[in-house]
Amino acid sequence: MATCVAVLALALAGVRFYTLSPSAPARGLQALAIDSREQPVVLIGGRLHWHNRVGTGAGVVDSGELGPGQLLGMDFFSNGELLILQEPAGPRKTGIAARLPDSELREGNSLRRCERVGACVDLVNGLGTVDFLVERGSNTIFLARADEDRLEKRDKNGKLLAAATMELNAPLHLQFEGGLLYLTQAQSNAVIVLKPDNRDFGKRLEDIPLPAQVAVNGRQVFPGALLYHQQRWWTTMQSEDGGSAGLYLFAPDWRFERSVALPSQARPISLIRWKSSILVADSATGRIYRYDSRAVREADFSPEYLDSVLAGQRAELNSSRSQRTAILVLLCSLAAGLLTLTCLHIMHGRVYTAPASGSELGLDIKSENIEWLALDVATDWRRLGLFLSGTASAALAGCWLLGFGALATLAISLLLAGAGGLYLALQQGCRGHLGALENRLIVVDHSNTYRVGIGPEIQYFRNFVMINDVAVYLGNRLSARFCSAALQERFQPLFRTGIKVDRATVGIKLIQQRHPLALGGAAILAAVAAFVLLAFYGHYTQ
Numbered sequence: 065m066a067t068c069v070a071v072l073a074l075a076l077a078g079v080r081f082y083t084l085s086p087s088a089p090a091r092g093l094q095a096l097a098i099d100s101r102e103q104p105v106v107l108i109g110g111r112l113h114w115h116n117r118v119g120t121g122a123g124v125v126d127s128g129e130l131g132p133g134q135l136l137g138m139d140f141f142s143n144g145e146l147l148i149l150q151e152p153a154g155p156r157k158t159g160i161a162a163r164l165p166d167s168e169l170r171e172g173n174s175l176r177r178c179e180r181v182g183a184c185v186d187l188v189n190g191l192g193t194v195d196f197l198v199e200r201g202s203n204t205i206f207l208a209r210a211d212e213d214r215l216e217k218r219d220k221n222g223k224l225l226a227a228a229t230m231e232l233n234a235p236l237h238l239q240f241e242g243g244l245l246y247l248t249q250a251q252s253n254a255v256i257v258l259k260p261d262n263r264d265f266g267k268r269l270e271d272i273p274l275p276a277q278v279a280v281n282g283r284q285v286f287p288g289a290l291l292y293h294q295q296r297w298w299t300t301m302q303s304e305d306g307g308s309a310g311l312y313l314f315a316p317d318w319r320f321e322r323s324v325a326l327p328s329q330a331r332p333i334s335l336i337r338w339k340s341s342i343l344v345a346d347s348a349t350g351r352i353y354r355y356d357s358r359a360v361r362e363a364d365f366s367p368e369y370l371d372s373v374l375a376g377q378r379a380e381l382n383s384s385r386s387q388r389t390a391i392l393v394l395l396c397s398l399a400a401g402l403l404t405l406t407c408l409h410i411m412h413g414r415v416y417t418a419p420a421s422g423s424e425l426g427l428d429i430k431s432e433n434i435e436w437l438a439l440d441v442a443t444d445w446r447r448l449g450l451f452l453s454g455t456a457s458a459a460l461a462g463c464w465l466l467g468f469g470a471l472a473t474l475a476i477s478l479l480l481a482g483a484g485g486l487y488l489a490l491q492q493g494c495r496g497h498l499g500a501l502e503n504r505l506i507v508v509d510h511s512n513t514y515r516v517g518i519g520p521e522i523q524y525f526r527n528f529v530m531i532n533d534v535a536v537y538l539g540n541r542l543s544a545r546f547c548s549a550a551l552q553e554r555f556q557p558l559f560r561t562g563i564k565v566d567r568a569t570v571g572i573k574l575i576q577q578r579h580p581l582a583l584g585g586a587a588i589l590a591a592v593a594a595f596v597l598l599a600f601y602g603h604y605t606q
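Here it is, written out as structure tokens:
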């Protein structure tokens, strides 16, 4: 039972760690925007890379300078101020934890306006999956909130001007063109045209299903980002399963014209108009492609720093994979070692049989005159094991529901594994025997080594009795080992004729003897040490 508890804890820890550990770099090419002066800004690797009008790098701003947390998206107001969507720093609230008050966990993303670096104010908090844009003619913010099925229109200070309710499925994209608001979303092959005015905000003017010809070209049927340029609609589209994506051109009346050549495996995430060109940001390769108004590909807008950032991302991915593999190997090794140790303890913990030969001080260990102290058959190890396994399962389930991170769950699982190791020692490894022959005491330890003593040869301390190098654990109320009545009446007087020692003496004897209790204590200490190390590591690497 104890083995099952510990192996279950290790298995759940491994699964939790593997699923929560990143299998890919967390920050790649995230967003692309053009400011009011036609200067491109690229968000990649957690940094904003600014360029001048001709596309030459003009500076780098770390996202941390805009506030604690990671940037998820951006746009610009007409006066050059920056509008950002920022994920909070520290662990995110998930599961039940999302509904619990906790000052250290910030719930939801924040939409913030930055006049300059280091001068940002919150406009909207508690956002989930959203898309947003700035209509620079009036500096109006349009916001689509998929988690609340809600469209919003706000001014540059975040004041709500209008709102509408409609079913929204992420990922979704907003585009403002020709005085109308266009929306695309997952699981829909239509471009939805909406009214942006305050009075009838969000009124559905038209649903434009895209022509079926597109499905023939790679079965990419769900539209994503779109842009109107030089009498054409440029639209990214993806397949039902998200396995492929492409770029397509449509006439002003949404008649399908043709597809635009993209590199294989490309995943275009945004379309940006830059002077007379169209920039296509590809999250799969981290490249930014450039096309002229005829959809002819020009030299990529991909400065040298993109290559170095992508190389760092690949190194981070390899390191992440190595760490995950090492953790899984460690957990499997611990589980295998635990099972091996269990088998050994079970073999050592069988019912005592007297040695085939030998006696001590002329004593025949097989003598029928020896009064062996009976084991307490009332001790219900199964009930205790079920209680501990239930406690461990409840603790791990709580970690899962409360949204604990991989390291926290692993740390708690190691603590549970240490407790399981101690329980294993109590259940299987402490089988010893006590016997009495007249005024002599006979002690037999877990390895079937026995000693006979009388008077000062006997040492005792609370729940332990020893003769020379052999120690026997008497048990306690939780893990009773012997019948208490016989122990008190027949054997306690024999103990009292001996010498009472201190705790250190008992500890030294248990360690020298490699007693299962010493091994169980070592398991507890190792589990606590691992818990502390993982807790500190998780704290300082957040």
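In our numbering, the protein residues as written are 65 to 606. Every residue, glycine too, gets a C-beta built ideally from N, C-alpha and C. In this text the structure is predicted, and so the values were computed from the model without any measurement.
Selected residue, minimal CA-CA separation from residue i, among the options
i, options, result
"Glu-321", "Gly-172, Pro-327 and Trp-297", "Trp-297"
"Asn-143", "Trp-436, Thr-300, Ala-550 and Arg-177", "Arg-177"
"Ala-325", "Val-360, Pro-104 and Asp-317", "Val-360"
"Arg-101", "Tyr-292, Ile-108 and Val-118", "Val-118"
"Ile-108", "Asp-99, Glu-362, Ser-127 and Pro-520", "Ser-127"
"Ala-587", "Met-301, Gln-103, Gly-401 and Asn-512", "Gly-401"
"Gln-295", "Asp-317, Arg-283, Gln-302 and Pro-275", "Asp-317"
"Ile-336", "Ser-548, Asp-566, Ser-357 and Ala-590", "Ser-357"
"Ala-590", "Leu-398, Ala-461, Leu-460 and Asn-527", "Leu-398"
"Thr-349", "Arg-331, Leu-187 and Ala-459", "Arg-331"
"Leu-244", "Tyr-292, Gly-131 and Asp-213", "Tyr-292"
"Ile-531", "Glu-502, Trp-338 and Leu-574", "Leu-574"
"Ala-254", "Met-230, Ser-341 and Ile-272", "Ile-272"
"Val-570", "Asn-527, Pro-327 and Gly-462", "Asn-527"
"Glu-231", "Leu-187, Asp-211 and Ser-431", "Asp-211"
Anticipated Cβ contact below 8 Å, residue i with residue j, distance rounded
i, j, result
"Asn-116", "Glu-151", "29 Å between Cβ atoms; not a contact."
"Val-529", "Asp-509", "11 Å between Cβ atoms; not a contact."
"Phe-555", "Ala-500", "6 Å"
"Thr-561", "Ile-522", "7 Å"
"Leu-147", "Val-198", "6 Å"
"Phe-546", "Leu-538", "6 Å"
"Glu-179", "Glu-145", "5 Å"
"Gln-284", "Ser-303", "5 Å"
"Ala-549", "Leu-437", "The Cβ separation is near 10 Å, so there is no contact."
"Pro-275", "Arg-319", "7 Å"
Beta-carbon contacts of residue i that lie in its chain and below 8 Å, excluding the five residues immediately before and after
i, result
"Asp-219", "Asn-203, Thr-204, Ile-205 and Leu-225"
"Ile-607", "It is not possible to answer for residue 607, since the shown part of the chain is limited to 65 through 606."
"Gln-251", "Asn-233 and Phe-286"
"Arg-567", "Phe-525"
"Ala-227", "Arg-214, Leu-215, Glu-216, Lys-217, Phe-265 and Gly-266"
Min CB distance residue i to chain B below 7 Å
i, result
"Val-534", "Absent from the structure: chain B. Only one protein chain is present."
Other residues of its chain near residue i: CB distance less than 6 Å, five sequence neighbours each side excluded
i, result
"Ala-594", "Leu-478"
"Val-124", "Arg-111 and His-113"
"Ile-333", "Ala-345 and Ser-347"
"Asp-139", "Ala-97, Leu-147, Leu-197 and Val-198"
"Arg-504", "Val-516 and Ile-518"
"Pro-260", "Leu-245"
Heavy atom of the ligand SAM within 6 Å of residue i beta-carbon
i, result
"Gly-401", "The model depicted lacks the ligand SAM and carries no ligand whatsoever."
Cβ-based neighbour list, residue i, same chain, cut-off 7 Å, excluding 5 preceding and 5 following
i, result
"Thr-299", "Pro-287, Leu-290, Tyr-312 and Phe-314"
"Arg-268", "Ile-256 and Leu-258"
"Glu-270", "Val-257"
"Asn-433", "Leu-501"
Status (buried if at least 16 other CB within 10 Å, exposed otherwise) for residue i
i, result
"Gly-422", "Below a pLDDT of 50, predicted positions are generally treated as unreliable, and Gly-422, at 37, falls in that range; no measurement from the model is reported."
"Ala-420", "Low local confidence applies: a pLDDT of 37 at Ala-420 is under 50, so the model's placement there is unreliable, and no value is given."
"Gly-584", "buried"
"Lys-223", "exposed"
"Pro-104", "buried"
"Ser-453", "buried"
"Lys-564", "exposed"
"Asp-596", "In the sequence on display, residue 596 carries Val and not Asp. The residue in question, Val-596, is exposed, as its Cβ has fewer than 16 Cβ neighbours within 10 Å."
"Glu-553", "exposed"
"Asp-99", "buried"
"Gly-307", "exposed"
"Gly-496", "buried"
"Asp-195", "buried"
Between the segment 180-188 and the segment 234-249, can you find at least three pairs of beta-carbon atoms closer than 8 Å?
At 8 Å Cβ cutoff, the stretches do not touch.
Quick test of the definition: if touching needs 3 or more C-beta pairs under 8 Å, does the segment 299-319 touch the segment 260-267?
No, the segment 299-319 is not in contact with the segment 260-267.
Quick check: the segment 473-483 against the segment 565-579, are at least 3 beta-carbon pairs closer than 8 Å?
Look at the beta carbons and you see the segment 565-579 not touching the segment 473-483: under three pairs across the two are nearer than 8 Å.
Is the segment 189-202 touching the segment 128-135, taking contact as three or more C-beta pairs under 8 Å?
Not touching, per the Cβ criterion.
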